[in-house]
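The numbering of the sequence shown is my numbering, which starts it at 299 and goes up by one.
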Amino acid sequence: MSINLTSNMKSKKIDHSDTIPVVFCTYHRLQRLSTTLGQLSEQENCKIRVYIWNNNQDEKEFINKEIKLFPRLNISVYHSKKNIGGYGRFYLAKKLSPNYSAVVFIDDDINLNKDTISTLIKEYKPKNISAVYSFKFTSQTNYFRRSKLKPGEYADYCSTSCMIADSSVFKEKELFNCPKKYWYIEDLWLSYYANHKLGWSLMKSGAKIVQLDDNVGQWRNLKLLKSEFLQYLIGRGWNVANGKPSVTIRIKNTYEDILDFGISLLKKNENT
């Protein structure tokens, strides 16, 4: 299917009469496609158009049949010849950016409340990204050392799992020059680029979702690489985790360091 871009949304303010594009990728979780589309069809107080980037060419026919079960939704799908991971969302957003002032990203391993998308829309601001999974880093060397935020607080990082962003960031050519080694950590690169390169604000969203754990998420394979990438981006000037952590955070980080060391020893003993 081709991508048909039509929208009357020209202004930088969004109201509930505007159509908002909701973009997500498919690959492993095809059994979740029907659920995701069903939850999108039940979204309240907003008008959406769904754009799917399919990284799984082998399941093209299945996906085409599945989306026909949701005639209430306006759905476009792009079947990629190559699996490029979550970056597919960025390429779709780039195509959509001339027509829409904002874009919503979701993952297919979350359950949406009926007001999830409308909440994101209410939080939209120009030159801003707002996401459910957002936090501040408390370490310059460990990606997983971070502090939780309350809705509306400023963040260092926003996950593409459930996000609304000013679409103009996807017009930036340099955004698509993420180092190949870190290609599959695109949300960290987006956070860095929007915050450091463009001076945008990142914020914690108050939208509600339920995160599922089906053991197929690629983040497990990227754990060590994420910390390495964070250090790389800080080396390029990203000003995060520069302040002295509070006593509470230092105690928490020390505890987690000891815990990680203990787990590594257990694994080492298991392998000997």
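For every residue, glycine included, the Cβ atom is placed at its ideal position computed from N, Cα and C.
Could you spell out where the alpha helix (DSSP H) holding residue i opens and where it closes?
{"i": "Arg387", "result": "385-394"}
{"i": "Lys434", "result": "Run containing Lys434: none in the alpha helix (DSSP H); it sits in the beta strand (DSSP E), 432-435."}
{"i": "Tyr490", "result": "484-490"}
{"i": "Ser525", "result": "521-533"}
{"i": "Leu418", "result": "414-421"}
Between residue i and residue j, which are expected to be in contact by the criterion C-beta below 8 Å, what is the C-beta distance as a whole number of angstroms?
{"i": "Leu394", "j": "Val401", "result": "6 Å"}
{"i": "Thr414", "j": "Gln341", "result": "7 Å"}
{"i": "Cys344", "j": "Ile318", "result": "6 Å"}
{"i": "Leu328", "j": "Glu357", "result": "5 Å"}
{"i": "Ser525", "j": "Tyr431", "result": "Actually they do not touch by this definition, with Cβ atoms about 17 Å apart."}
{"i": "Ala429", "j": "Ser399", "result": "Between Ser399 and Ala429 the Cβ distance is about 17 Å, and since that is not below 8 Å, they are no contact."}
{"i": "Asn411", "j": "Ile346", "result": "Wrong, their Cβ atoms sit about 14 Å apart, outside the cutoff."}
{"i": "Pro424", "j": "Gly504", "result": "Not quite, the Cβ-Cβ distance comes to about 19 Å (not below 8 Å), so this is no contact."}
{"i": "Arg387", "j": "Ser339", "result": "Their Cβ separation, rounded to whole angstroms, is 20 Å, which puts Arg387 and Ser339 out of contact at 8 Å."}
Could you tell me which of the options sits nearest to residue i, measuring between CA atoms?
{"i": "Phe474", "options": "Cys460, Ala492, Ile462", "result": "Ala492"}
{"i": "Lys434", "options": "Ser339, Tyr349, Asn537, Asp316", "result": "Asn537"}
{"i": "Arg443", "options": "Tyr455, Gly450, Glu451, Pro449", "result": "Tyr455"}
{"i": "Ser374", "options": "Asn381, Val321, Leu338, Ile507", "result": "Val321"}
{"i": "Tyr490", "options": "Val467, Pro369, Gly504, Lys506", "result": "Val467"}
{"i": "Arg534", "options": "Ser457, Lys495, Asn372", "result": "Lys495"}
{"i": "Gln355", "options": "Thr324, Glu470, Leu335", "result": "Thr324"}
{"i": "Glu470", "options": "Ala453, Pro477, Ser459, Leu488", "result": "Leu488"}
{"i": "Thr333", "options": "Leu510, Pro396, Tyr376", "result": "Leu510"}
{"i": "Gly336", "options": "His326, Gly504, Asn372", "result": "Asn372"}
{"i": "His326", "options": "Ser339, Leu338, Gly384", "result": "Gly384"}
{"i": "Leu523", "options": "Pro396, Pro477, Asn540", "result": "Pro477"}
What residue range does the beta strand (DSSP E) around residue i cover?
{"i": "Lys502", "result": "499-502"}
{"i": "Asp464", "result": "460-464"}
{"i": "Ala409", "result": "Going by the sequence as given, residue 409 is Asn instead of Ala. Element bounds for Asn409: 408-410."}
{"i": "Ala505", "result": "Note, Ala505: premise wrong, no beta strand (DSSP E); not H, not E."}
{"i": "Ser374", "result": "373-377"}
{"i": "Val467", "result": "From DSSP, Val467 is part of no beta strand (DSSP E); its letter is neither H nor E."}
{"i": "Val538", "result": "No beta strand (DSSP E) holds Val538; DSSP gives it neither H nor E."}
{"i": "Ser428", "result": "426-429"}
For the stretch 308-364, list the alpha helix (DSSP H) runs that are entirely contained and at least 4 residues long, ordered along the chain.
Here the runs fully enclosed are 331-339.
Mind the definition here: the stretch 479-489 touches the stretch 405-422 only if three or more C-beta pairs lie below 8 Å; say whether that holds.
No, the stretch 479-489 is not in contact with the stretch 405-422.
Do the stretch 461-475 and the stretch 378-394 touch if we need at least three Cβ pairs shorter than 8 Å?
Judged by Cβ distances under 8 Å, the stretch 461-475 makes contact with the stretch 378-394, as three or more pairs qualify.
Touch test, the stretch 499-508 against the stretch 525-536, Cβ-Cβ under 8 Å, three pairs minimum:
Contact between the stretch 499-508 and the stretch 525-536 is not established, with fewer than three Cβ pairs separated by less than 8 Å.
Determine, using beta-carbon pairs with one atom in the stretch 364-382 and one in the stretch 344-353, whether at least three such pairs fall under 8 Å.
Touching, per the Cβ criterion.
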